[in-house]
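**Q**
Numbering (mature numbering (1 follows the signal peptide of the UniProt record, and there is no 0)), first residue to last: -29 to -1, 1 to 351.
(1) Taking the alpha helix (DSSP H) that residue 158 falls in, what are its first and last residues?
(2) For the region 155 to 229, which segments carrying the beta strand (DSSP E) assignment without a break, of at least 3 residues, lie completely within its bounds, in sequence order?
(3) I need the DSSP call for residue 319, collapsed to helix, strand or coil.
(4) Could you tell me if residue 297 is buried or exposed, where buried requires 16 or more neighbouring beta carbons within 10 angstroms of its beta carbon?
(5) If contact is defined by three or more beta carbon pairs under 8 Å, each pair taking one atom from either stretch, is the region 271 to 287 in contact with the region 212 to 226?
(6) Would you list, in sequence order, the uninterrupted alpha helix (DSSP H) runs of no fewer than 4 residues that lie entirely inside the region 77 to 147?
(7) Output the residue ranges of the alpha helix (DSSP H) runs that lie fully inside the region 267 to 311 and measure 4 residues or longer, sorted by chain position.
(8) Classify residue 83 as buried or exposed, calling it buried when 16 or more other Cβ atoms lie within 10 Å of its own Cβ.
(9) Near residue 250, what residues of its chain come up, given a Cβ to Cβ distance below 7 Å and the 5 sequence neighbours on each side ignored?
(10) Residue 91: buried (16+ other C-beta within 10 angstroms of its C-beta) or exposed?
(11) Thinking residue 229 and residue 101 are a contact (beta carbons under 8 Å), I'd like their distance in whole angstroms, please.
(12) Go ahead and pull the three-state DSSP assignment for residue 248.
(13) For residue 69, which beta-bridge partners are listed by DSSP?
(14) Output yes or no for whether 8 Å exceeds the beta carbon distance between residue 64 and residue 85.
(15) Mapping DSSP to helix, strand and coil, what is residue 51?
(16) Taking just the CA atoms, how far does residue 274 sit from residue 68?
(17) Answer yes if the region 116 to 125 comes into contact with the region 147 to 154, meaning at least three C-beta pairs across the two stretches below 8 Å, and no otherwise.
(18) Identify the residues that DSSP records as bridge partners of residue 263: which are they?
(19) Rounded to the nearest angstrom, what separates residue 106 and residue 130 at their Cα positions?
(20) Looking only at C-alpha atoms, which of 61, 257, 242, 313 sits nearest to residue 365?
(21) With a threshold of 16 other CB atoms inside 10 Å of the CB of residue 73, please say whether the residue is buried or exposed.
(22) In chain order, what residues of the same chain lie with their CB nearer than 7 Å to the CB of residue 89, ignoring the 5 residues before and after it?
(23) So what's residue 258 in DSSP terms, helix, strand or just coil?
Okay, here's the thing in structure tokens:
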């Protein structure tokens, strides 16, 4: 099947799903338009995520965040490099570390900001579907390293893993002519924790996990499957029911649109058991007793959405559709979770589309509402 045909099917899928979600689609032809590399294709990921790389038309640039004034490294826990690490250009004591993954047979880059006072809590921050190979977007399109600068928790931000859903794929994936293993669940839960404990003092059983879009769905799934590792989970604009009608088509097409790879190398063909194993809604029973902070926007453009060009209009339109899909699946997940007692907090924004400005705000809210209290990571 040609890429043009797949793009048209993808556009048709977006339009159909938007209609089902009750969204008013005014310009469906835009979805299939040819777009630039940065902030281009509609996908279950970080819409406009390349804005920090020079795409001024990205509709959702995160606001500057300035933490309270204070000594950023009061007792010297942050000013020395750990093995395999170098100072990251984003500053704020972030280190860029190469961590060996036996499962993937290569080094995986991880951005790490040590806890302010050497605390043993960790916060894993997962990226979106269009994750880059040079940085985690939480440090460029959002302000995670500034948001938690004064806190006693180590930020753990894996780099790379586009379209991965941070899961173990059934078979290798062809990316740009290179056959690579995708075993991100194994890396994040069996390989990386030992490195973090040895070099950053992060306990293997004292972690929170958060993510946006693709990373949000993965955060919920990883928390459900690894309760001995994660004590709190935050999901921002996630897709909480990938086995819902339409998603068997939407997810593979979105993945192919990004990587031009075989999406069924992940969990097999639609309807295969592994799709259900990685569906947060179907795993709701495993999440009832873990604190969760879950958000979704209304798909109505808000404060970060002021498109000034055709490309920006394209990005905004995609963000509207994607956030509508996220909100619908989040409501379905909430209805399932609320069938029995749980510890989840749901925050539905009155405006906001699929974009980094909103996710940055979500992380700020989750920090004070749940992450720091649950992890006992306040720096007093």
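C-beta atoms are modelled at their ideal positions from N, C-alpha and C, and glycine is treated no differently.
This structure is a prediction, so every number in the text was calculated from the model and none was measured.
**A** In short, the structure shows the following:
(1) No alpha helix (DSSP H) holds residue 158; DSSP gives it neither H nor E.
(2) List check, beta strand (DSSP E) in window: 178 to 183, 201 to 207.
(3) DSSP places residue 319 in strand when its eight states are reduced to three.
(4) Counting C-beta atoms within 10 angstroms of its own C-beta, residue 297 has 16 or more neighbours from the protein chains shown and is therefore classed as buried.
(5) No, the region 212 to 226 does not touch the region 271 to 287.
(6) Secondary structure within the region 77 to 147: the alpha helix (DSSP H) runs of 4 or more consecutive residues, fully enclosed, are 115 to 118 (chain order).
(7) Taking only runs of at least 4 residues, the alpha helix (DSSP H) segments lying wholly in the region 267 to 311 are 281 to 308.
(8) Buried, since its Cβ has 16 or more Cβ neighbours within 10 Å.
(9) Taking C-beta separations shorter than 7 Å and ignoring five residues to either side along the sequence, the partners of residue 250 in its chain run 212, 213, 214, following chain order.
(10) Here residue 91 is buried. Its C-beta has 16 or more other C-beta atoms within 10 Å.
(11) Indeed they touch by this definition, with Cβ atoms about 6 Å apart.
(12) Helix at residue 248.
(13) Bridge partners of residue 69: 80.
(14) Result yes, Cβ atoms of residue 64 and residue 85 sit closer than 8 Å.
(15) Reduced to three states, the DSSP call for residue 51 is coil.
(16) Distance between the alpha carbons of residue 68 and residue 274: 35 Å.
(17) Output reads no: the region 116 to 125 does not touch the region 147 to 154.
(18) Bridge partners of residue 263: 204, 315.
(19) Going from the Cα of residue 106 to the Cα of residue 130 covers about 5 Å.
(20) The structure shown does not extend to residue 365, since the chain spans only -29 to 351, so no value can be given for it.
(21) Counting the other Cβ atoms within 10 Å of the Cβ of residue 73 gives fewer than 16, which makes it exposed.
(22) Listed in chain order, the non-local C-beta contacts of residue 89 below 7 Å within the same chain comprise 48, 172, local neighbours out to five positions each way being set aside.
(23) Coil, per DSSP.
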